[in-house]
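**Q** Shown below is the structure under consideration.
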C-alpha cells in the first residue's frame, strides 16, 4: 500500500500496525531522503512497502509515537526547527520512540548529517529545564537511552549524579525503584547502559559525608544564634568559592527569621534513635532517599511529639534534601 500526494511525489506512505487496532496507520516518508540518509532505507522501500510494519513496544496510533514520526520526518527533510509543527510539549517517550525509529531506519551514526547532535541535546535539555531537574522528569531513564544512542556527551554523568541519590552501598544495577512504568524491554535497555559503576558509589559517599557533617554541626550547635558562629572556617558570602555540595548542605539548614532552637538533648537523642550513623557516615549502607525519610521522621518527632519549635533548622534541611530526591515538579 502506497500513498503519494500531488505536491510531494517523492513521498511514500508506509503502514504501521498495533495489536489494539484492526487497521494500519499510514506515515509518509521521503524516498530520496530514506535512500540517502538511512542505511536500512533501501531495504525498507524494497521489502516493506505494501506490508504492515510492527515496531516492538510502539503503538502507531499513540500521541507520543505520532510525534516521534513527525520529528523523524522533519529531521529527514532537513528542517532547521524540527519541533515547529509539534503542537504538544515534547516528552521523554516522544524522544525515546524517535530513537526507536532511528534504530529501525539504521545506524544513527550514518544520519548525523540530518540529525545534528545539538538538536537532540536541546530537546533533552528543554524537558529537564521544564521539570526543574533530571530526577523530576517522568520516566527519565528513557532519556539515558536516547542520549547514549545519539552520543550526547555529558549526559551519562547527569544520570549517575541522580543514581548517587537513590542507590545503596551494595547496588550493582540501577535500583528497581527507578523503573516506574517502564516495560520489561525498556528496563532491560536501561540496565544495559552500564550506568551503575564506582563513580555512582563515589557520588553517594560524597553526599553522605556532607549530609552527616551538616548534621554534626547542627547537633552540637543546635540554636540558630550559635549555628552561624559554629562554621568558623566558612563565610556565608564565600560559600560559592568552596566545595559547592558542602556549601549547599550547610545553606540548606541556614536558619530563617522564624527558626527557633531545638533543645540539644532532644535533637541528639532523636538523631541517635532514627539516624544512629550520623557520627560515622561510612557505616550507613542505605541511600540518600531512605536517609531523608529517617530525618523527616526525626524532625516530626521533635516538632510534634516533643512539643518542639514549629520552624527549625532540621526542617529546613529536610526540605533541602527533598528538593534533590523528589519526583514532583513542585515542593510545598
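In my numbering, the protein residues as written are 534 to 865. All residues carry an ideal CB built from backbone N, CA and C; glycine is no exception. Bear in mind that the values here come from a model prediction, so they are computed numbers and not experimental data.
Cβ atoms of residue 698 and residue 629: under 7 Å apart, would you say?
**A** no
**Q** With a Cβ-Cβ cutoff of 7 Å, do residue 723 and residue 693 count as a contact?
**A** no
**Q** Would you mind reading off the limits of the alpha helix (DSSP H) that contains residue 703?
**A** Note, residue 703: premise wrong, no alpha helix (DSSP H); not H, not E.
**Q** Starting from residue 547 and walking both ways along the alpha helix (DSSP H), at which residues does that stretch end?
**A** For residue 547, no alpha helix (DSSP H) segment is defined; the enclosing uninterrupted segment is the beta strand (DSSP E) at 544 to 549.
**Q** Measure from the alpha carbon of residue 806 to the alpha carbon of each residue in 832, 795, 794, then state which is nearest.
**A** 832
**Q** Whole angstroms is fine: what's the gap from residue 684's alpha carbon to residue 595's?
**A** 27 Å
**Q** Just to confirm, are residue 586 and residue 549 a CB contact at a threshold of 7 Å?
**A** yes
**Q** Let me know if residue 607 comes out buried or exposed under the rule of 16 or more other beta-carbons within 10 Å of its beta-carbon.
**A** buried
**Q** What are the boundary residues of the beta strand (DSSP E) that includes residue 630?
**A** Residue 630 -> not in any beta strand (DSSP E); alpha helix (DSSP H) instead, spanning 625 to 638.
**Q** Assign residue 591 to one of three DSSP states: helix, strand, or coil.
**A** coil
**Q** Taking 7 Å as the threshold (C-beta atoms), are residue 786 and residue 849 in contact?
**A** yes
**Q** Report all residues from its chain with a CB closer than 7 Å to the CB of residue 673; omit the five preceding and five following residues, and keep chain order.
**A** Annotation for residue 673: 625, 667 place their beta carbon closer than 7 Å to its own, counting only its chain and skipping 5 residues before and after.
**Q** Between the C-alpha atoms of residue 766 and residue 788, what's the straight-line distance to the nearest angstrom?
**A** Any reading at residue 766 must be qualified, since the residue scores a pLDDT of 49, below 50, and its modelled position is unreliable; no value is offered.
**Q** Can you give me the C-alpha to C-alpha distance between residue 744 and residue 658, rounded to a whole angstrom?
**A** 28 Å
**Q** When you compare only the Cα positions, how much space is there between residue 660 and residue 710?
**A** 22 Å
**Q** Per DSSP, what are the beta-bridge partners of residue 563 in this structure?
**A** Paired residues: 544.
**Q** Could you give the DSSP three-state label for residue 851: helix, strand or coil?
**A** helix
**Q** Could you give the C-beta distance for residue 679 and residue 653, rounded to a whole number, given that I count them as a contact under 8 Å?
**A** 7 Å
**Q** So what does DSSP say about residue 653, is it helix, strand or coil?
**A** helix
**Q** Can you give me the C-alpha to C-alpha distance between residue 605 and residue 580, rounded to a whole angstrom?
**A** 20 Å
**Q** Using CA coordinates, which residue listed in 638, 708, 690, 688 is at the minimum distance from residue 563?
**A** 638
**Q** In whole angstroms, what is the alpha-carbon distance linking residue 749 and residue 551?
**A** In a straight line, the C-alpha of residue 749 is about 58 Å away from that of residue 551.
**Q** For residue 734, report the span of its alpha helix (DSSP H) as first-last.
**A** 731 to 753
**Q** Against chain C, does residue 663 count as a neighbour if the rule is that its beta carbon must be under 7 Å from one of theirs?
**A** Looking at the structure shown, chain C is missing, and only one protein chain is on hand.
**Q** Is residue 607 helix, strand or coil by DSSP?
**A** helix
**Q** Which one of 731, 812, 715, 838 has the shortest CA to CA distance from residue 701?
**A** 731
**Q** What are the start and end residues of each continuous alpha helix (DSSP H) run of 4 or more residues lying completely inside the region 655 to 700, in chain order?
**A** 674 to 682, 688 to 699
**Q** In the DSSP assignment, what are the bridge partners of residue 558?
**A** 549
**Q** Can you grab the Cα-Cα spacing for the pair residue 618 / residue 570, in whole Å?
**A** 22 Å
**Q** I'd like the span of the alpha helix (DSSP H) that includes residue 720, first residue to last.
**A** 717 to 724
**Q** Suppose you measure from the CA of residue 592 to the CA of residue 603; what does that come to, to the nearest Å?
**A** 14 Å
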